[in-house]
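Structure, as structure tokens:
There are 2 protein chains.
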Amino acid sequence: MDLSKENAVLAVEVLDLLFRATRHIQQEYEMKLESLSLPFQLSGPRLRLLLVVWRAEKIRMNELASKLGVKPRTVTELVDALERDGVLHRTPDPNDRRATLLHLTEEALNQISRVRSVQMQISDEILQKFSAEQRTQLHALLSKIFEGMEFDFVY
Amino acid sequence: MDLSKENAVLAVEVLDLLFRATRHIQQEYEMKLESLSLPFQLSGPRLRLLLVVWRAEKIRMNELASKLGVKPRTVTELVDALERDGVLHRTPDPNDRRATLLHLTEEALNQISRVRSVQMQISDEILQKFSAEQRTQLHALLSKIFEGMEFDFVY
DNA sequence: TATTGTTATACTCTATAACTATA
DNA sequence: TATAGTTATAGAGTATAACAATA
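So the sequence lines, in the order shown, correspond to chains V and Z. Numbering follows the numbering used here, in which position 9 of the first sequence is assigned residue number 10; successive positions increment by one, without gaps. Numbering follows the numbering used here, in which position 143 of the second sequence is assigned residue number 144; successive positions increment by one, without gaps.
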């Protein structure tokens, strides 16, 4: 009997678990975000977009699409909705009149710290049983998945 | 200066990374699944449903919805599509004439081993840089997220 | 009266293809 | 000729509310 494989964890089992954990956490996030009563709707994809714009301060729709890993058409759709809700606005790029730059509105900037703080609070709750060392370990192991990848980090 | 927190990894950073890893892996999965040329369409949600039915052999739509963490109406929608594609079929539950039992078709049973083997192959590729010990570690850390949760495992 | 699943309807995310304006 | 973003259109996944059949 090959004892070395007796208790081995299959790669596919690890990734199944990864998916389940992600779904679980996403559901927690969405529940808590709803209860925040923000002056605008914030789904997962919208928040993801928002945070990329926030980190960049200003960004082309173009570049945003590639950072998010979606098509430009999808960004148009999301931006339409967010602009309607007063979360961000389009301005023409002075350097290239084909391009459009996105900025967050004051309102969004005001709310975003609430969102981030709820994110941090939920995250702490979910990982409450983890020691600092275990958090670091989990972070290191997840980073390892991206090891040796050339392309820009996708959010 | 508080050196103990100097290099600490924030919980929110760990979960951000978790999300990014999951998105990345999901994209790999979907790409490879497409190239399998199955006789039916298999998106993430459809595959998830399929695998739950497969593990259960037969299952009520009801119970399926709760295992998947979606509403019954959503299961109706998915099952309609999968039945149209000849992947599964509805039969009345003899014990409760309100209920409907789902079974996979022969065709689905024949294809599912191909799907599983591709899943395992992709998983091995993604975790190729991981030692057996690291896989076990990652599995243990992810399990810890669910620690002390009462409810049934959600897929 | 409560539960199972459906019809009717709608919203969000995503995409492809054809087009406009600019480079 | 190529790029940035849009209009037009479509499909998948998800949901709520009202309902029919059954328990």
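Every residue, glycine too, gets a C-beta built ideally from N, C-alpha and C.
Query, Result
"CB L139 (chain Z) to CB L142 (chain V), shorter than 8 Å?", "yes"
"With a cut-off of 8 Å, does the C-beta of I113 (chain V) fall near any C-beta of chain Z?", "no"
"Consult DSSP for R56 (chain V) and reduce its assignment to one of helix, strand or coil.", "helix"
"Decide if L4 (chain V) is buried, meaning its Cβ has at least 16 other Cβ atoms within 10 Å, or exposed.", "With a pLDDT of only 48 at L4 (chain V), under the threshold of 50, the placement of this residue in the model should not be trusted, and no figure is reported."
"Can you pull the chain Z neighbours of D125 (chain V), defined as C-beta to C-beta under 9 Å?", "L11, A12 and V13"
"What span of residues does the alpha helix (DSSP H) with L69 (chain V) cover, start to end?", "M62 to L69"
"Should D3 (chain V) be flagged as near chain Z, meaning a C-beta pair shorter than 8 Å?", "At D3 (chain V), the pLDDT of 48 sits below 50, so the modelled position is not reliable and the matter cannot be decided from this model."
"If you draw a straight line from the C-alpha of K1 (chain Z) to the C-alpha of Q122 (chain Z), how long is it?", "Because chain Z spans 2 through 156 in this model, residue 1 (chain Z) falls outside it and cannot be assessed."
"Check the Cβ of A22 (chain Z) against every Cβ in chain V and list those closer than 8 Å, keeping chain order.", "L19, L143, I146 and F147"
"Grab the span of the alpha helix (DSSP H) containing T75 (chain Z) for me, first residue to last.", "P73 to R85"
"Listing by chain order, which chain Z residues have their CB less than 8 Å from the CB of M121 (chain V)?", "L11, A12 and V13"
"Comparing C-alpha positions only, which one of Z:I127, Z:E31 and Z:D86 sits nearest to A109 (chain Z)?", "Z:D86"
"Going by CA-CA distance only, name the one from V:E14, V:E35 and V:H25 that's closest to E148 (chain Z).", "V:H25"
"Closest to R49 (chain V) by C-alpha separation, out of Z:M150, Z:T101, Z:T137 and Z:L18, would be which residue?", "Z:L18"
"Under 8 Å, do Q112 (chain V) and P40 (chain V) count as touching if we go by C-beta distance?", "yes"
"In the DSSP assignment, find the beta strand (DSSP E) that holds L103 (chain V) and state where it starts and stops.", "T101 to L105"
"Between P46 (chain V) and chain Z, is there a C-beta pair that is closer than 8 Å?", "no"
"According to DSSP, what are the bridge partners of R91 (chain V)?", "V:L103"
"Quick check on R56 (chain V) - is its C-beta less than 8 Å from some C-beta in chain Z?", "no"
"Exposed or buried, R99 (chain Z), counting other C-beta atoms within 10 Å across all chains shown (16 or more means buried)?", "exposed"
"By alpha-carbon positions, which one of Z:Q42, Z:M150, Z:S144 and Z:L128 ends up nearest to S144 (chain V)?", "Z:L128"
"Output yes if chain Z places a C-beta closer than 8 Å to the C-beta of V75 (chain V); else output no.", "Looking at the sequence shown, residue 75 (chain V) is not Val but Thr. It does not; no Cβ of chain Z falls within 8 Å."
"Less than 8 Å between the CB atoms is what I'm expecting for R115 (chain V) and L51 (chain V), so what's the real figure, rounded?", "13 Å between Cβ atoms; not a contact."
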